[in-house]
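Encoded as C-alpha coordinates, the structure appears first; notes follow it.
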Amino acid sequence: MNQMLLGFIVILFLVAIASSKRQGEKRYNQLCKVAEWVVEEKLGVFHSMSNHLSWILLVAISGYIVIGCIVGQLNSYLLLGGVVVYLINYYVLEYTPHTMWCLLQGGLLSKRQFIAMNWENIVAYRWVTRGEKLIIKVDYKGKGIVTRKCELIVPQEMKIYLEEQLKVKLPYFEVTLEN
18 MNQMLLGFIV
28 ILFLVAIASS
38 KRQGEKRYNQ
48 LCKVAEWVVE
58 EKLGVFHSMS
68 NHLSWILLVA
78 ISGYIVIGCI
88 VGQLNSYLLL
98 GGVVVYLINY
108 YVLEYTPHTM
118 WCLLQGGLLS
128 KRQFIAMNWE
138 NIVAYRWVTR
148 GEKLIIKVDY
158 KGKGIVTRKC
168 ELIVPQEMKI
178 YLEEQLKVKL
188 PYFEVTLEN
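Positions 18 to 196 (the working numbering) are the ones given, in order, by the sequence shown.
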(Lines of atoms letter the chains of each structure in order from A and count residues from 1; the text may use other names and numbers.)
(Lines give C-alpha, C1' and ligand atoms only; values in the text may rest on other atoms or scores of the structure.)
Protein backbone atom coordinates (compact mmCIF):
# COMPACT_ATOMS: atom_id res chain seq x y z
CA MET A 1 0.00 0.00 0.00
CA ASN A 2 2.84 2.40 0.84
CA GLN A 3 4.45 1.68 -2.52
CA MET A 4 1.23 2.49 -4.35
CA LEU A 5 0.91 5.77 -2.45
CA LEU A 6 4.54 6.65 -3.18
CA GLY A 7 4.07 5.73 -6.83
CA PHE A 8 0.93 7.83 -7.09
CA ILE A 9 2.67 10.86 -5.54
CA VAL A 10 5.64 10.55 -7.90
CA ILE A 11 3.35 10.21 -10.93
CA LEU A 12 1.44 13.33 -9.83
CA PHE A 13 4.76 15.16 -9.46
CA LEU A 14 5.90 14.12 -12.94
CA VAL A 15 2.54 14.99 -14.53
CA ALA A 16 2.67 18.42 -12.85
CA ILE A 17 6.13 19.03 -14.33
CA ALA A 18 5.03 17.92 -17.79
CA SER A 19 1.83 19.98 -17.74
CA SER A 20 3.57 23.12 -16.49
CA LYS A 21 6.17 22.68 -19.23
CA ARG A 22 3.37 22.36 -21.78
CA GLN A 23 1.58 25.46 -20.42
CA GLY A 24 4.83 27.44 -20.55
CA GLU A 25 5.37 26.48 -24.19
CA LYS A 26 1.78 27.44 -25.03
CA ARG A 27 2.19 30.84 -23.34
CA TYR A 28 5.51 31.38 -25.12
CA ASN A 29 3.94 30.64 -28.51
CA GLN A 30 1.12 33.12 -27.81
CA LEU A 31 3.51 35.88 -26.73
CA CYS A 32 5.79 35.30 -29.72
CA LYS A 33 2.96 36.45 -31.97
CA VAL A 34 3.11 39.95 -30.44
CA ALA A 35 6.88 40.05 -29.84
CA GLU A 36 9.14 42.72 -31.31
CA TRP A 37 11.79 40.14 -32.17
CA VAL A 38 11.82 36.34 -32.04
CA VAL A 39 15.06 34.34 -31.89
CA GLU A 40 14.98 30.68 -32.89
CA GLU A 41 18.49 29.31 -33.18
CA LYS A 42 19.03 25.72 -34.24
CA LEU A 43 19.26 23.40 -31.23
CA GLY A 44 22.60 21.74 -30.63
CA VAL A 45 22.88 17.96 -30.45
CA PHE A 46 23.38 17.95 -26.66
CA HIS A 47 20.42 20.24 -26.06
CA SER A 48 18.17 18.27 -28.39
CA MET A 49 19.15 14.96 -26.77
CA SER A 50 18.55 16.38 -23.28
CA ASN A 51 15.06 17.52 -24.31
CA HIS A 52 14.21 14.06 -25.61
CA LEU A 53 15.80 12.41 -22.58
CA SER A 54 13.58 14.35 -20.18
CA TRP A 55 10.40 13.15 -21.93
CA ILE A 56 11.70 9.58 -22.17
CA LEU A 57 12.53 9.60 -18.45
CA LEU A 58 9.06 10.92 -17.57
CA VAL A 59 7.40 8.12 -19.52
CA ALA A 60 9.82 5.46 -18.23
CA ILE A 61 9.44 6.43 -14.57
CA SER A 62 5.65 6.61 -14.85
CA GLY A 63 5.54 3.24 -16.62
CA TYR A 64 7.82 1.67 -14.02
CA ILE A 65 5.56 2.92 -11.23
CA VAL A 66 2.38 1.64 -12.88
CA ILE A 67 3.88 -1.78 -13.66
CA GLY A 68 5.50 -1.99 -10.22
CA CYS A 69 2.20 -1.23 -8.48
CA ILE A 70 0.31 -3.79 -10.58
CA VAL A 71 2.88 -6.53 -10.00
CA GLY A 72 3.50 -5.49 -6.39
CA GLN A 73 7.27 -5.19 -6.86
CA LEU A 74 8.29 -1.54 -6.70
CA ASN A 75 11.94 -0.89 -5.86
CA SER A 76 12.02 2.51 -4.18
CA TYR A 77 15.79 2.89 -4.71
CA LEU A 78 15.42 2.38 -8.45
CA LEU A 79 12.53 4.84 -8.44
CA LEU A 80 14.58 7.38 -6.51
CA GLY A 81 17.47 6.90 -8.93
CA GLY A 82 15.19 7.58 -11.90
CA VAL A 83 13.84 10.75 -10.32
CA VAL A 84 17.37 11.95 -9.48
CA VAL A 85 18.52 11.35 -13.08
CA TYR A 86 15.47 13.27 -14.33
CA LEU A 87 16.17 16.21 -12.00
CA ILE A 88 19.86 16.29 -12.99
CA ASN A 89 18.84 16.41 -16.66
CA TYR A 90 16.26 19.12 -15.88
CA TYR A 91 18.83 21.36 -14.19
CA VAL A 92 21.45 20.73 -16.88
CA LEU A 93 18.90 22.03 -19.39
CA GLU A 94 18.16 24.98 -17.11
CA TYR A 95 21.77 26.14 -17.20
CA THR A 96 22.49 25.71 -20.91
CA PRO A 97 22.07 28.82 -23.09
CA HIS A 98 18.54 29.36 -24.34
CA THR A 99 18.21 29.19 -28.12
CA MET A 100 14.53 30.09 -28.45
CA TRP A 101 13.43 33.38 -26.90
CA CYS A 102 11.66 36.61 -27.76
CA LEU A 103 11.96 40.31 -27.07
CA LEU A 104 8.65 41.65 -25.78
CA GLN A 105 7.49 45.18 -25.07
CA GLY A 106 7.80 44.46 -21.34
CA GLY A 107 10.97 42.34 -21.28
CA LEU A 108 12.50 39.06 -22.41
CA LEU A 109 10.93 35.59 -22.45
CA SER A 110 12.56 32.25 -23.15
CA LYS A 111 10.68 29.15 -24.26
CA ARG A 112 12.04 27.24 -21.26
CA GLN A 113 10.93 29.83 -18.69
CA PHE A 114 7.50 30.24 -17.22
CA ILE A 115 7.92 33.85 -16.11
CA ALA A 116 9.05 36.70 -18.36
CA MET A 117 12.10 38.72 -17.37
CA ASN A 118 10.39 42.11 -17.09
CA TRP A 119 12.64 45.13 -17.55
CA GLU A 120 12.12 46.24 -13.94
CA ASN A 121 13.15 42.78 -12.65
CA ILE A 122 16.49 42.67 -14.46
CA VAL A 123 19.27 43.10 -11.92
CA ALA A 124 22.31 42.84 -14.21
CA TYR A 125 23.36 41.71 -17.66
CA ARG A 126 26.63 41.16 -19.49
CA TRP A 127 27.79 40.03 -22.91
CA VAL A 128 29.87 36.88 -23.34
CA THR A 129 31.34 35.22 -26.41
CA ARG A 130 31.77 31.45 -26.57
CA GLY A 131 33.38 30.33 -29.77
CA GLU A 132 31.45 32.21 -32.43
CA LYS A 133 28.28 32.55 -30.36
CA LEU A 134 27.30 35.79 -28.70
CA ILE A 135 25.49 35.27 -25.39
CA ILE A 136 23.84 37.71 -23.05
CA LYS A 137 23.81 36.64 -19.40
CA VAL A 138 20.86 38.13 -17.55
CA ASP A 139 20.37 38.14 -13.78
CA TYR A 140 16.78 38.89 -12.79
CA LYS A 141 14.52 38.78 -9.76
CA GLY A 142 12.50 35.61 -9.49
CA LYS A 143 9.75 34.97 -7.00
CA GLY A 144 10.53 36.19 -3.50
CA ILE A 145 14.16 37.06 -2.83
CA VAL A 146 15.61 34.65 -5.39
CA THR A 147 17.84 36.04 -8.15
CA ARG A 148 17.72 33.82 -11.21
CA LYS A 149 20.19 33.63 -14.07
CA CYS A 150 19.56 33.10 -17.75
CA GLU A 151 21.84 32.88 -20.78
CA LEU A 152 20.37 33.78 -24.17
CA ILE A 153 22.10 33.18 -27.50
CA VAL A 154 21.89 36.42 -29.51
CA PRO A 155 22.27 36.54 -33.30
CA GLN A 156 24.85 39.10 -34.47
CA GLU A 157 22.24 41.08 -36.42
CA MET A 158 20.16 41.54 -33.26
CA LYS A 159 22.95 42.66 -30.92
CA ILE A 160 22.78 46.37 -31.80
CA TYR A 161 18.98 46.49 -31.55
CA LEU A 162 18.99 44.63 -28.23
CA GLU A 163 21.73 46.90 -26.83
CA GLU A 164 19.67 49.97 -27.75
CA GLN A 165 16.59 48.51 -26.07
CA LEU A 166 18.56 47.64 -22.94
CA LYS A 167 20.11 51.14 -22.77
CA VAL A 168 16.67 52.74 -23.03
CA LYS A 169 14.92 50.37 -20.62
CA LEU A 170 17.84 49.97 -18.19
CA PRO A 171 19.87 53.21 -18.35
CA TYR A 172 21.39 52.72 -14.88
CA PHE A 173 23.50 49.65 -15.81
CA GLU A 174 27.12 49.48 -16.81
CA VAL A 175 27.67 46.64 -19.24
CA THR A 176 30.78 44.50 -19.43
CA LEU A 177 31.97 42.20 -22.17
CA GLU A 178 33.47 38.95 -20.90
CA ASN A 179 35.49 36.48 -22.92
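Yeah, the Cβ is synthetic: ideal placement off N, Cα and C, and Gly gets one too.
Here the structure is a predicted model, which is why all the values come from computation and not from measurement.
Identify every run of the alpha helix (DSSP H) within the stretch 91–177, keeping only runs that are complete inside it and at least 4 residues long; order them along the chain.
-> Taking only runs of at least 4 residues, the alpha helix (DSSP H) segments lying wholly in the stretch 91–177 are 93–111.
Buried/exposed call for valine 171, threshold 16 Cβ in 10 Å = Answer is buried; the Cβ neighbour count reaches 16.
Isoleucine 87 vs leucine 96 beta-carbon contact at 9 Å = In this structure, leucine 96 does not lie closer than 9 Å to isoleucine 87 by Cβ.
For tyrosine 157, does the count of other Cβ atoms within 10 angstroms reach 16, so buried, or fall short, so exposed?
-> Classification for tyrosine 157: buried.
Spatial neighbours of proline 167 within its chain, please: CB distance less than 6 Å, with the 5 preceding and 5 following residues excluded, ordered by chain position.
-> According to the sequence provided, residue 167 is cysteine. The question's proline does not apply to it. Within the same chain, cysteine 167 has close Cβ partners Val155.
For valine 55, the first and last residue of its enclosing beta strand (DSSP E) | Looking at the DSSP string, the run of the beta strand (DSSP E) that includes valine 55 is 54–57.
Please name the residue in Leu179, Asn138 and Met175 whose C-alpha comes closest to that of glycine 200.
-> Because the chain in this structure spans residues 18 to 196, residue 200 falls outside the shown range and cannot be described.
Rounded to whole angstroms, what's the CA-CA distance from valine 76 to leucine 110? Just pull it up for me.
-> Between the alpha carbons of valine 76 and leucine 110 lies a gap of roughly 18 Å.
Span separating the alpha-carbon of tryptophan 118 from that of valine 100 | Distance from the CA of tryptophan 118 to the CA of valine 100, rounded to the nearest whole angstrom, comes to 28 Å.
Candidates Gln47, Leu169, Arg39 and Thr113: closest to methionine 66 by CA position | Of the candidates Gln47, Leu169, Arg39 and Thr113, the one whose C-alpha sits nearest the C-alpha of methionine 66 is Thr113.
What do you reckon, are the CB atoms on leucine 104 and tryptophan 136 nearer than 9 Å?
-> Contact annotation: leucine 104 and tryptophan 136 have beta-carbon atoms that are not nearer than 9 Å.
Would you identify the three-state DSSP class for valine 27, choosing helix, strand or coil?
-> The three-state reading of DSSP puts valine 27 in helix, counting H, G and I together.
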